[in-house]
Amino acid sequence: MSDLERLLDLQANDTAADQLRHRRKVLPERETLVELDRKESALRAEVAEPQAERDGLARDQKRLEDEIATVEGKAAHVEKLLYDGSMTSPKEAQGLQADLESLKRRQSTLEDEVIELMERIEPLDGQLAASVVALGAIDAEREQVKASLASSENVVDSELAETLAARQALVDAVPATLITEYERIRGGEGGIGVARLQGATCMGCHISLAAAEVDVMKRMPAGELAYCPDCGRLLVR
Ligand SMILES: [Zn+2]
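For the sequence shown, this note's numbering gives the first residue as 8, with consecutive numbering after it.
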């Protein structure tokens, strides 16, 4: 086997490794993970407004409940004065009775407002709870996809490790200067540094050479390197 034939074997090995690296980069799980991130962002954006609205309403409810507690405290105090027998005149009792009624009315109004707020909070809570469930489902799916990605990567990695292990033997069998030339062309020509000349066609670029060019190549001494005039790759003739 000639050095150039061995170089073709090295090319096949390098192409296989390139394809494995590409396959690793475009594993479908990666796109699925990006899609899940997109879904999560959209969901979070969707609930930002109802969440803010719900938080605002809850703050209003807390404020009303604090006020109710204050009013209740005042009413309890007035009731105590009314019934502990410390009053000196019916007029005073009347005044306290009026105060008490006013406090009770205020409390009733505040309680109605709280109920109204709770009625507005309820559907928002439903919506937010549904989004928590949906986010949980996204997380669970993401974990599954990550596990699947890791196992797909392992498969590719072990194939790549085998390919790279075989590479060294191929490199050792070819003169270093030829390897250097091959690497130089391979770097600039989409990963292909050497190709077979099949009939008059360069199998690197699939362009047919002129008959005269082929003739020249066929007459070259065996050790002389021939290049495709179109793509510049080494040709194995
Ligand atoms: Zn070519």
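Glycine included, every Cβ here is placed at the ideal spot set by N, Cα and C.
According to the neighbour-count rule (16 or more other Cβ atoms, all chains shown, within 10 Å of its Cβ), is residue i buried or exposed?
i	result
D132	exposed
D62	exposed
I122	exposed
V243	buried
R193	buried
A202	buried
Y90	exposed
L14	buried
L232	exposed
Work out the CA separation of residue j and residue i for me, nearest whole Å.
i	j	result
L107	D67	25 angstroms
Y234	A219	14 angstroms
V139	L17	54 angstroms
D21	G200	10 angstroms
L110	R127	26 angstroms
T116	A154	57 angstroms
Q26	A173	16 angstroms
Mind checking whether the beta-carbon of residue i lies closer than 8 angstroms to any heavy atom of ligand 3?
i	result
R240	Among the ligands present in this structure, namely ligand 1, ligand 3 is not found.
Confirm, please, whether the CB-CB distance from residue j to residue i is below 9 angstroms.
i	j	result
V85	Q114	no
L34	E160	yes
I75	E118	yes
R28	L177	no
L204	V181	no
In its own chain, which residues sit with a C-beta less than 8 angstroms from the C-beta of residue i, not counting the 5 before and 5 after it?
i	result
E196	G211, C238, G239 and R240
E190	G200
K225	R244
By Cβ distance below 7 angstroms, which residues in the same chain neighbour residue i in space, the five residues on each side in sequence not counted?
i	result
K46	I145
Q58	L135
L171	A24
For this session: Starting from the N-terminal side, write out each stretch of the beta strand (DSSP E) that is 3 residues or longer and does not extend beyond the segment 156-207.
Result: Within the segment 156-207, the complete beta strand (DSSP E) segments of 3 residues or longer fall at 201-205, listed in chain order.
For this session: Scan the segment 62-104 and note each continuous beta strand (DSSP E) run of 3 residues or more that stays entirely inside, going in chain order.
Result: With a minimum length of 3 residues, no continuous beta strand (DSSP E) run stays inside the segment 62-104.
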